[in-house]
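Using this note's numbering, read the sequence shown as starting at 1 and increasing by one per residue. Before any comments, here is the structure.
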Amino acid sequence: MRTAKSESAGKLGLGIHVLCYVLANVAQVIVWVLYDSEHFFWPMWSIVFWGIGLAFHFWTAMRRPTMKTEY
């Protein structure tokens, strides 16, 4: 069962995950622009695949709790 405390902790964890995602990918794009902009856009792999993981984290943190029956 999800409590209000676990729900707020999940949202805090999601916020930290989003912040890390944005900062890391911005840093990678900056490195790419400064040193390798004439070649393949390699930060795309981190943006796409980490973004998929972030989408799953968002989905699990924001879904409504399901009703469970206990016997």
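Glycine included, C-beta positions come from ideal geometry on N, C-alpha and C. In this text the structure is predicted, and so the values were computed from the model without any measurement.
- Counting Cβ pairs, one atom from each stretch, are 3 or more of them under 8 Å apart for the segment 15-26 and the segment 43-50? yes
- Item | Residue interval of the alpha helix (DSSP H) (run including F40) | Counting along the chain, F40 falls outside any alpha helix (DSSP H), and DSSP gives it neither H nor E.
- Message: One question on the structure: do W42 and W50 come within less than 8 Å of each other, judged by their Cβ atoms?
- Response: no
- How long is the line joining the alpha carbons of A9 and E38, rounded to whole angstroms? 42 Å
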